[in-house]
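These notes are about the structure you will find just below.
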Amino acid sequence: MQNESFPSDEGSFLSERGMVTVNKKIIIKTLEEIALHMELLGENPFKVGAFRKAAGVLEQDPRSLAEMDDILSLKGIGKGTGAVITDLLEKGESELLKELREQVPDGLIPLLKIPGLGGKKIAKLHSELGVDSADSLRAACEAGEVSKLAGFGKKTEEKILAELETFGQRPDKLPHWQLEPVVRMIGNVLDAIPEVDRHKVTGSYRRTAELSSDLDFIVVTREPQRVNEALAAALPVIGTDASGEAKLSVTVDSDEPVDVDFRFVTKEQFASAVHHFTGSKDHNVRMRQIAKERGEKISEYGVEQEDGRILTFDSEKSFYAHFDLPFFPPTVRKDGTELERGDELETLIRQEDIRSDLHMHTVWSDGAESIREMADACRGLGYSHMVITDHSRYLRVANGLTPERLRDQIREVREADAEMDGITILCGTEMDILPDATLDFDDELLSELDFVIASIHSNFSQPQEKIMERLHAAISNPHVDMIAHPTGRIIGRREGYSPDVAQLIDWAAEYGKILELNANPYRLDLAEEWLALAAEKGVPIAINTDAHSVGQLDYMETGVRYAQRAWLNRDLVVNTWTLDRFLSHLGRER
DNA sequence: GCCGTTTTCGGCCCGACTGTTTTCAGTCG
Numbered sequence: 001m002q003n004e005s006f007p008s009d010e011g012s013f014l015s016e017r018g019m020v021t022v023n024k025k026i027i028i029k030t031l032e033e034i035a036l037h038m039e040l041l042g043e044n045p046f047k048v049g050a051f052r053k054a055a056g057v058l059e060q061d062p063r064s065l066a067e068m069d070d071i072l073s074l075k076g077i078g079k080g081t082g083a084v085i086t087d088l089l090e091k092g093e094s095e096l097l098k099e100l101r102e103q104v105p106d107g108l109i110p111l112l113k114i115p116g117l118g119g120k121k122i123a124k125l126h127s128e129l130g131v132d133s134a135d136s137l138r139a140a141c142e143a144g145e146v147s148k149l150a151g152f153g154k155k156t157e158e159k160i161l162a163e164l165e166t167f168g169q170r171p172d173k174l175p176h177w178q179l180e181p182v183v184r185m186i187g188n189v190l191d192a193i194p195e196v197d198r199h200k201v202t203g204s205y206r207r208t209a210e211l212s213s214d215l216d217f218i219v220v221t222r223e224p225q226r227v228n229e230a231l232a233a234a235l236p237v238i239g240t241d242a243s244g245e246a247k248l249s250v251t252v253d254s255d256e257p258v259d260v261d262f263r264f265v266t267k268e269q270f271a272s273a274v275h276h277f278t279g280s281k282d283h284n285v286r287m288r289q290i291a292k293e294r295g296e297k298i299s300e301y302g303v304e305q306e307d308g309r310i311l312t313f314d315s316e317k318s319f320y321a322h323f324d325l326p327f328f329p330p331t332v333r334k335d336g337t338e339l340e341r342g343d344e345l346e347t348l349i350r351q352e353d354i355r356s357d358l359h360m361h362t363v364w365s366d367g368a369e370s371i372r373e374m375a376d377a378c379r380g381l382g383y384s385h386m387v388i389t390d391h392s393r394y395l396r397v398a399n400g401l402t403p404e405r406l407r408d409q410i411r412e413v414r415e416a417d418a419e420m421d422g423i424t425i426l427c428g429t430e431m432d433i434l435p436d437a438t439l440d441f442d443d444e445l446l447s448e449l450d451f452v453i454a455s456i457h458s459n460f461s462q463p464q465e466k467i468m469e470r471l472h473a474a475i476s477n478p479h480v481d482m483i484a485h486p487t488g489r490i491i492g493r494r495e496g497y498s499p500d501v502a503q504l505i506d507w508a509a510e511y512g513k514i515l516e517l518n519a520n521p522y523r524l525d526l527a528e529e530w531l532a533l534a535a536e537k538g539v540p541i542a543i544n545t546d547a548h549s550v551g552q553l554d555y556m557e558t559g560v561r562y563a564q565r566a567w568l569n570r571d572l573v574v575n576t577w578t579l580d581r582f583l584s585h586l587g588r589e590r
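Numbering (full-length UniProt numbering), first residue to last: 1 to 590.
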């Protein structure tokens, strides 16, 4: 997960160089950097892993640095890693990292990103050839020195040179929304290969991670070689990393190059393989530990018994059941601690709990369909109610509604609602919060609506203070019910404005307002960690599609899956409420 | 480096593929 920021998290410490602010992020980054340096020195991988693990423990802990009085007694933090933390807190820097930096040139660290190069090989390049950067590595390759090293050869040298060509140009990870069309395209290709009996996308994509570094497909076939060849022929392949009986790893041409792994398995192995490659890695490690305690061994092919027999399963559900565990949806498989939260699965938000969508647009502003068409589609999804929320006049590029047009629209919504059976259509607005911290409509007009959303669409670069002034003006207005997409981010594209989200969540709790999880895969805003914080404070969350067309109403599924990642309880999600409960929460009667 | 109601030493998840090797280390997920 992208770890954007922690709730207020500062501690200031004096060092010889003056005031240094050490926060949790700095500690985590330092531990990770130490691990990288050690990796390059060829350190014991378990030692390297211990530093990474310590960083992970801190990252997982929801508390701020100031709240953690027991930081040195956390499981996973011991003498060595604890000393680094103490060092940072007392001196503002880590003595160990300083020493490591003297031994390892900074230019070596990015080389770890070159496929095929790990700590040991880079260490060798450094010690034998004096390589200390991408440039000197290129020079060494071109001079033919690399292929002369033991353990290296001609092919390795060529591969490194080829990788250096595009070095640093490719993004590490791609957003879920950008991978979605690639997943669909590959699914179609697999459907068309006769030797493929079944397939499924797994990996972090299946877990609805915001960003994924690659795509993983599990393919059931009795003829892996044929499928391997058919895939290589049908896909726009721009590079092949591995190709065998069990797997195919290729880079596929799309907007951005996408790395795709295919694993070929039998139908008996399918459930185990799907579970294994869905991960997360830590979830799998935890599962394997559980298996080991019982004398069993989990692999991607099944569960090996003490007598060597391999058990296979017809579904992930029966796989979990074998270990006396309930089915954990992919979205909650994270650091392994989820396995202790099985009793919360019962109330975890699910798609079938959703009975409304509270944020959508029509042709009245910048949507593609009419009020009745949207209503018809929502009814088709089985919803009991919905809200039409077109833009307000400030947003001219979106054909925002003037007060007069909004009053016309209210009449039309009421008419459509009276005409249509099986769904209740409510009147709302997505009103702009203007740059000067005023609202786009007056209170009198707002009081005529059933549901009022307020959101920011302009002047993102204002200082946080001003952004918070705007948000406060909206959230404290008694007519405003919900703040939409609270940070304005577009994943992988723009950060959005920078509100103090923790403060916003406190205000929502104080004024009894709803915060939105915008289900649009570009946004997924609120982000996971904030959803968890909001839930902790009892702030109701709405999962809304913000649909601008009928098709986009399907974003709800992505939104729900993302909400699962934050373990949202269905009762906190206002879309699961009945119309009566919803209206009574808003203090409105109809 | 971290951990521990069988353990303070000896584990630490497991397997595929590649390239460089004559049986395996390194990398990757």
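The beta-carbon is built from N, C-alpha and C at its ideal position, and this holds for glycine as well.
Whole-angstrom C-beta distance between residue j and residue i, which should lie under 8 Å
i           : j      : result
Ile541      : Val501 : Actually they do not touch by this definition, with Cβ atoms about 13 Å apart.
Thr347      : Asp70  : No, Thr347 and Asp70 are not in contact; Cβ-Cβ is about 30 Å, not under 8 Å.
residue 602 : Tyr555 : Residue numbering for the chain in the displayed model covers 1 to 590; residue 602 lies beyond these limits and cannot be assessed.
Ala473      : Leu449 : About 18 Å separates the two Cβ atoms, so there is no contact after all.
Leu215      : Val182 : 7 Å
Asn575      : Ile354 : 5 Å
Gly302      : Ser204 : 23 Å between Cβ atoms; not a contact.
Glu557      : Ala484 : Contact flag wrong, Cβ pair sits at about 19 Å.
Val332      : Gln564 : 6 Å
Leu40       : Ile122 : 6 Å
Bridge-paired residues (DSSP) for residue i
i           : result
Gly302      : Ser299
Gly428      : Thr389 and Phe451
Thr240      : Val250
Ala542      : Glu516
Lys200      : Ile218
Ile483      : Ala454 and Leu515
Ile114      : Per DSSP, none; premise fails for Ile114.
Ile433      : Leu439
Leu174      : Ser212
Ala547      : Met360
Arg494      : Ile490
Asp525      : Asn518
Leu311      : Val303
Asn569      : Leu348
residue 601 : Since the first residue shown for the chain is 1 and the last is 590, residue 601 is missing from the structure and cannot be characterised.
Nearest to residue i (by Cα), restricted to the options the options
i      : options                           : result
Leu72  : Gly49, Thr86, Ala66 and Val189    : Thr86
Gly187 : Leu112, His199 and Leu179         : His199
Gly76  : Glu419, Ile433, Phe46 and Ser64   : Phe46
Met38  : Val182, Pro105, Ile26 and Val57   : Pro105
Asp259 : Ser213, Val285 and Ala230         : Ser213
Gln60  : Lys24, Ala35 and Lys79            : Lys24
Leu112 : Ala375, Met374, Asp132 and Gln103 : Asp132
Trp364 : Leu434, Leu395 and Glu67          : Leu395
Ser249 : Met360, Arg52 and Leu235          : Leu235
Ser254 : Gly239, Arg263, Phe262 and Gly244 : Gly239
His322 : Arg294, Ile109 and Ala527         : Arg294
Gly82  : Pro62, Ile371, Val57 and Glu67    : Val57
Gly551 : Ser447, Gly380 and Leu579         : Gly380
Leu137 : Thr578, Thr331 and Glu163         : Glu163
Arg222 : Lys537, Thr202, Ala246 and Ala139 : Ala246
Arg372 : Arg405, Arg407, Thr402 and Arg414 : Arg414
His276 : Pro257, Val201, Asp343 and Arg226 : Val201
Endpoints, beta strand (DSSP E) assigned at residue i
i      : result
Asp261 : Val258 to Val265
Thr81  : Careful: Thr81 lies outside any beta strand (DSSP E), inside the alpha helix (DSSP H) at Lys79 to Lys91.
Boundaries (first-last residue) of the alpha helix (DSSP H) holding residue i
i      : result
Asn518 : Counting along the chain, Asn518 falls outside any alpha helix (DSSP H), though it belongs to the beta strand (DSSP E) covering Ile514 to Asn518.
Leu358 : It is not in any alpha helix (DSSP H) - Leu358 carries neither H nor E in the DSSP assignment.
Thr558 : Tyr555 to Arg565
Gly49  : Pro45 to Gln60
Glu373 : Ile371 to Gly380
Met468 : Gln464 to Ile475
Leu129 : Gly119 to Leu129
Lys154 : Lys154 to Glu165
- Are at least three pairs of beta-carbons, each pair with one atom in the stretch 261-279 and one in the stretch 306-316, less than 8 Å apart? yes
Any contact of the stretch 382-392 with the stretch 413-424, i.e. 3+ C-beta pairs under 8 Å? Yes, they touch.
Quick check: the stretch 86-101 against the stretch 25-37, are there 3 or more CB pairs under 8 Å? yes
Do the stretch 173-181 and the stretch 517-529 meet, that is, are 3 or more Cβ pairs less than 8 Å apart?
-> yes
Hey, is the stretch 493-507 in contact with the stretch 459-466, meaning 3+ C-beta pairs nearer than 8 Å? yes
How do the stretch 333-345 and the stretch 270-285 stand: do at least 3 beta-carbon pairs fall below 8 Å, yes or no?
yes
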